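Participant: Under my numbering, the letters of the sequence shown match residues 1 to 263, in that order.
Just so it is clear, CB atoms sit at the ideal spot from N, CA and C, and this is done for glycine as well.
Treat the numbers as computed from the prediction; the structure is a model and nothing was measured.
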Amino acid sequence: MTSIRINDINLGYTDVGAGPPVVLIHGYPFNRSLWTEQTDALRDKHRVVAPDLRGFGESDSSEGPTRMTRFAEDVAALMDALEIEQAVIGGLSMGGYVALAFARMVPARVKALVLADTRPQADTEEGKQTRFHQAEKAVSAGMAGLADAMLPKLLTPDTVSKRPELVKRIRDMMLTAKPEGAAMALLGMAERDDQTEFISSIRVPTLILVGREDAITPVADSEKMHSQIEGSRLVVIENAGHVSNLEQTEQFNDALLGFLSTV
Ligand code: MLT
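#1: Going by beta-carbon coordinates alone, are V281 and V204 separated by less than 9 Å?
#2: Report back the beta-carbon spacing between V23 and G96 to the nearest angstrom; my notes put them in contact at under 8 Å.
#3: Where does G127 fall in DSSP's three states?
#4: With DSSP run on the structure shown, which of helix, strand or coil describes I199?
#5: With distances taken from CA atoms, which of R169, E73, L234, E125 is nearest D288?
#6: Could you tell me the distance, in whole angstroms, from the CA atom of E165 to the CA atom of T159?
#7: For A147, which residues in the same chain have their Cβ closer than 7 Å to its Cβ, ignoring the five residues on either side in sequence?
#8: Excluding the five sequence neighbours on either side, which residues of its own chain have a C-beta within less than 6 Å of the C-beta of E85, listed in chain order?
#9: Is G57 a contact residue of ligand 1, with contact defined as CB to any heavy atom under 8 Å?
#10: Note down, in chain order, each residue of its chain lying with its Cβ closer than 7 Å to the Cβ of Q251, except the 5 sequence neighbours on either side.
#11: Compare the Cα-Cα distances from F56 to each of V16, V88, L11, R47 and report the closest residue.
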């Protein structure tokens, strides 16, 4: 395990490869192993850094709602410790919320952005209530029930029925989340800022990726981001749901590598 003490927690992370740095931020309730296939594909040409966000994977959790800005501060502190001034910042879903918070907080540290299966809007009132309920459930009953309820929304029906190994891998990854860490992230997501106005001010090269069948952050959200972020590139991943990087790794990696070769 590689870990580092930053912002009062031990944070697990991967740091491999050499070349222009790329930081990959996982979604909820995953961990940095979400990015194994992308890390392998990029490491010949890039230095790839992938943290376990606080409360996930090998990172400690902390008390109180984990706001997206707190996750972003952890990413910035990790970059400081690794002496990376500026990087391509990529995130999937909640990782995208963190990437946007990071871009807003420290824009000069962002060389380019990769926004995968994510959205800029804040939660609706109803969405917030669901988060509160799920946070209680995580703490009282653990991650298994939440993972099982989430799986059919994360993946296409085809993946669920035909790729049991992938389904198991994603489920197992969700079970590594610390219930209290997941709960604090849920409360943090409920409190997150709306970034819809902010994204119009983004001036760095931006790649937007989304699974055609993403049921959590649908294609329409990505199309809207694409229309608001000047010069952005949108790639819709066919036969994929919310975890498009694992469901269709080749399509995702082709788009990512193609984009990185231009920035
Ligand atoms: C994620 O994949 O990070 C979450 O589904 C995002 C969310 O619940 O808004």
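Facilitator: According to the structure shown:
#1: Given a span of 1 to 263 for the chain in the structure shown, any question on residue 281 remains unanswerable.
#2: Numbered from 1 along the sequence shown, position 23 holds the residue referred to as residue 23. Numbered from 1 along the sequence shown, position 96 holds the residue referred to as residue 96. About 13 Å; that fails the 8 Å criterion.
#3: In the sequence shown, the residue the question calls residue 127 occupies position 127. In the structure shown, G127 sits in a helix (DSSP, three-state: H, G or I).
#4: Position 199 of the sequence shown holds residue 199. Note: I199 maps to helix in three-state DSSP.
#5: Here the chain covers residues 1 to 263 and nothing more, so residue 288 does not appear.
#6: By 1-based counting over the sequence shown, the position of residue 165 is 165. By 1-based counting over the sequence shown, the position of residue 159 is 159. About 10 Å.
#7: Locating residue 147 in the sequence shown gives position 147, where the first residue counts as 1. Within the same chain, A147 has close Cβ partners R171, M174, L175.
#8: Reading the sequence shown from its first residue, position 85 is the one you call residue 85. For E85, where only same-chain residues beyond five positions count, there are no Cβ hits under 6 Å.
#9: Position 57 of the sequence shown holds residue 57. It does not: the Cβ of G57 is nowhere closer than 8 Å to a heavy atom of ligand 1.
#10: Translated into the one-based positions of the sequence shown, residue 251 becomes position 251. Within the same chain, Q251 has close Cβ partners I237, E238.
#11: As a position in the sequence shown, residue 56 is number 56, starting the count at 1. Cα-wise, what sits closest to F56 is L11.
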